[in-house]
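Undergrad:
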Amino acid sequence: MSDETSKRALSRRGLLGGAGLALASAGAAGIAQAQPPAGAEPPPDSDPDFGGAEHHPAPPPMEAPPKVVDWNWVRSQWALDWSWVNLSAMLFASHPRFVRNAIARHRDGLDANPVAYLEANNRPLQNAARRAAGLYFGADPEAIALVESTTSGIGLVYNGLRIGYGEEILTTTHDYYVTHESLRLLARRSGATVRRISLFDQAATASAAQIVGRLMAAITERTRVMALTWVHSSTGLKMPIAASLRGVNAAREPSKKVLLCVDGVHGFGVEDVTFDQLGADVLVAGCHKWLFGPRGSGVVFFRPDSLGRFEPTIPTFLAPNAYGPWLGDYDPGPTTGARMTPGGFKAFEHVWALNEAFAFHGMVGKAAIEARTHGLASRLKLALSQLPNVVVRTPMDPGMSAGIVSFDLPGLSADAVVRRLREGKVIGSAAPYATRHVRLTPSFRNTEADVDFAVQILANIRR
Ligand SMILES: Cc1ncc(COP(=O)(O)O)c(C=O)c1O
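Right, here's the structure in full:
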């Protein structure tokens, strides 16, 4: 990306926290249009990595969003089976219309002429997606990698972490399988140790001060990485990430600084913050949950000064450091977001449609989406807390929670409650953790009526 583009991206950061529809034009402008394989002439800088020339075409025609957020219009963008109440945003996305249309357009182009369409579009649209992600999250696009899921991103981050024998990674008992398993594999390869600590006994009553206090007290001279999760998928607790590491690294030399690496999937697409405000060094997020991006898409954000602590695992196809160094037999140089983006031929129609996912969020607005999601989650928690047969596990405080609402019906297994909800045509889920809770996860496509309907079913459950 040119300095000019990078400056433009940074100067727009201030907008990201602003009111929703102010972002409509910024979001739409972030979309790069697919180029048809007209004439199938190779682009001027065509090379064997299937990247076309960089170009900045006009945005595609998109229906103008309403002037104020009309949640009915927003909801109408999905093609869900509306006989079901989907309180399942934390699991797997249904594509909203802009994303659906983009995938269909690219799929048709690829089916008509796969090689020419790929040559014309791949590099521009992957780089446009990286810019759109950067604009959305206030992060440097050059330090962003595109991946296929949170799981693959976390695997690539911890597989590529430079860490030595005897050095330590600190994580917690509250993190997800994917983080724990990636760290276990890393420890086996490197001889580094992994230490898991508990931050609280009950998420619902945990305080930020207690959590930060326990994390700080656990850091030792040997600690090199803190591996955390932004919003825990078991209890819905949102970690006070920003407060976590301030000050710890001040006296450390660069290679010994404690990196804060975060599984951000359940905050990304919900919380109205930027990467800098969050304060992580690395954040991994699938885009096929709360962002409602293409299924099989994800992003990894690196602080540029942390990239040197990582090595790519899978050869990238993104120029300039892909085929050139191989053919010229020279070192591809320092780690970059492009080099951390796995190569290989893939379902490119999904990768490229990430542009429209960010544009759609830009249209509705980050602030509006956060307010809507938190509003519905709070309504759900409040109603559940008044039911005598329900124990809410998620903190009530929106500062300590996001869109996940976890709870139990004592005397019934989480799976049994999920079954009863499904019988009533409500989709929730049970957490795949040692202690299993029921989770309902309202998002900005839901309504108050959806929430109330689910509460009514739960109120009527008798053992
Ligand atoms: C905290 C957390 N991280 C990662 C994942 C997996 O995400 P992905 O499907 O993007 O790999 C899940 C659950 O789906 C999760 O709860």
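Okay, so the sequence shown: first residue is 1 according to our numbering, each after it adds one. Cβ atoms here follow ideal geometry from the backbone N, Cα and C, with glycine treated the same way. No experiment lies behind these values; they were computed from the predicted model shown.
Can you tell me which of the three DSSP states GLU168 falls into?
TA: Strand, per DSSP.
Undergrad: What do you get for TYR330, buried or exposed, if any count of 16 or more other CB atoms within 10 angstroms of its CB means buried?
TA: Looking at its Cβ environment, which holds fewer than 16 other Cβ atoms inside 10 Å, TYR330 is exposed.
Undergrad: Output the residue ranges of the alpha helix (DSSP H) runs that lie fully inside the segment 412-451 and measure 4 residues or longer, sorted by chain position.
TA: Qualifying alpha helix (DSSP H) stretches, in chain order: 414-423.
Undergrad: Report yes or no: do the segment 376-387 and the segment 351-368 share at least 3 C-beta pairs separated by less than 8 Å?
TA: Contact fails: fewer than three Cβ-Cβ distances are below 8 Å.
Undergrad: If we ignore side chains and look at the alpha-carbon of each, how far apart do ALA190 and ILE163 end up?
TA: A small fix is needed here, since residue 190 is Ser in this sequence, not Ala. SER190 and ILE163: Cα-Cα distance of roughly 7 Å.
Undergrad: Would you report the Cα separation of ALA377 and ASN113, rounded to the nearest angstrom?
TA: Cα to Cα, the separation comes out at about 46 Å.
Undergrad: For a test of the three-state rule: what should DSSP assign to THR313, helix, strand or coil?
TA: Looking at THR313 - three-state DSSP - the assignment turns out to be coil, as it is neither helix nor strand.
Undergrad: My parser needs the beta strand (DSSP E) runs of 3 or more residues fully inside the segment 225-281; what are they?
TA: Within the segment 225-281, the complete beta strand (DSSP E) runs of at least 3 residues are 259-263.
Undergrad: Tell me, please, whether the segment 284-294 touches the segment 309-320 by the rule of three or more beta-carbon pairs shorter than 8 Å.
TA: As far as the Cβ criterion goes, the segment 284-294 does not touch the segment 309-320, which means the pair count is below three.
Undergrad: Using the C-alpha atoms, what's the distance from ARG188 back to TYR165?
TA: Taking the straight line from one Cα to the other gives about 10 Å.
Undergrad: Give the DSSP bridge partners of ARG195, in chain order.
TA: Looking at the DSSP assignment, ARG195 forms a beta bridge with LEU170.
Undergrad: Since PHE172 and ILE154 should fall inside the 8 Å C-beta cutoff, what is the C-beta to C-beta distance between them, to a whole number of angstroms?
TA: First, the amino acid is wrong: residue 172 is Thr here, not Phe. Not confirmed; about 15 Å, so no contact.
Undergrad: Could you give the first and the last residue of the continuous alpha helix (DSSP H) run that contains LEU376?
TA: From DSSP, the alpha helix (DSSP H) with LEU376 extends over 366-385.
Undergrad: Please tell me whether PHE317 and GLY337 are closer than 9 Å, where the distance is taken between their beta carbons.
TA: It is not a contact, given that the beta carbons lie outside the stated cut-off.
Undergrad: With the cut-off set at 9 Å, would you say ALA359 and PHE98 are in Cβ contact?
TA: Contact: yes.
Undergrad: Residues in the same chain with beta-carbon distance under 7 Å from ALA204, minus the five sequence neighbours each way, listed in chain order, please.
TA: Contacts found: VAL392, ARG393, THR394 and PRO395.
Undergrad: Have a look at VAL265, LEU91, HIS95 and HIS174 and flag the residue whose alpha-carbon is nearest the alpha-carbon of SER76.
TA: The shortest Cα separation from SER76 among VAL265, LEU91, HIS95 and HIS174 belongs to HIS95.
Undergrad: Cβ-heavy atom distance between TYR176 and ligand 1 below 8 Å?
TA: True, at least one ligand heavy atom lies under 8 Å from that Cβ.
Undergrad: Does the beta-carbon of SER207 have 16 or more other beta-carbons within 10 angstroms, so that it is buried, or is it exposed?
TA: So SER207 counts as exposed.
Undergrad: Any heavy atom of ligand 1 within a distance shorter than 8 Å of the CB on PHE301?
TA: Not under cutoff, so the answer is no.
Undergrad: Starting from the C-beta of TRP78, find all residues in its chain whose C-beta is less than 6 Å away, skip the five residues before and the five after it, and write them out in chain order.
TA: Around TRP78: SER94, PRO96 and ARG445.
Undergrad: Look up SER306 in the DSSP assignment and say whether it is helix, strand or coil.
TA: In this structure, SER306 counts as helix in the three-state DSSP scheme.
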